[in-house]
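Residue numbers (our numbering): 14 to 138. Here a beta-carbon is modelled for each residue, glycine too, at the ideal position from N, C-alpha and C.
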Amino acid sequence: MTRQEKDCLACGRTIQWRRKWAKNWDQVKWCSNRCRRQKVRPVDQQLGEAIEQLLESPEASKSICPSEAAKSVDPLNWRELLEPARSAARRLVTAGTHEITQKGQIVDPSRARGPFRIRRATSLA
Ligand SMILES: [Zn+2]
């Protein structure tokens, strides 16, 4: 029996092993019904790309707020994209290319509550 953790493919949060998944843990990809229904939509993909682009441009500050990616994807309805942008940020963290911070400290994407910023990974974990 393997008890371990994996990352939700949609929101990037850690999925904790549960007994009901004992038989099909390998197939578990989503942390919740909500994530399973939503998966990664084209707009979610776009948000991830927006974060990467914003962090690439030379004049970019060292880190950005996910809302900046939401605004660049949809300047009018960006508020609706705020949570998806936070999910996109968490996915980049699980990919190992980026890290999220609060008050300048690297934080665990699954546990971070409240606003956070994202930057390119500075340390090779
Ligand atoms: Zn999820």
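For residue 98, the CB stays at least 6 Å from every heavy atom of ligand 1. Pairing residue 43 with residue 78 gives a Cβ-Cβ distance that is not under 7 Å. In the structure shown, the three-state DSSP call for residue 20 is strand. Between ligand 1 and the CB of residue 83, the shortest heavy atom gap is not smaller than 6 Å. Residue 56 carries a helical assignment under DSSP once its states are collapsed to helix, strand and coil. According to the DSSP assignment, residue 120 belongs to no alpha helix (DSSP H) but to the beta strand (DSSP E) extending over 118 to 120. Within 10 angstroms of the beta-carbon of residue 85 lie 16 or more other beta-carbons, which makes it buried. The shortest C-alpha to C-alpha distance from residue 54 to any of 97, 41 and 129 is the one to 97.
Residue side-chain check: residue 23 places its Cβ nearer than 6 Å to a non-hydrogen atom of ligand 1. Distance from the C-beta of residue 26 to the nearest heavy atom of ligand 1 is below 6 Å. Shown here for residue 52: same chain residues with a beta carbon closer than 7 Å to its own, the five before and five after excluded, namely 23 in chain order.
In this structure, residue 78 has its beta carbon at no less than 6 Å from each heavy atom of ligand 1.
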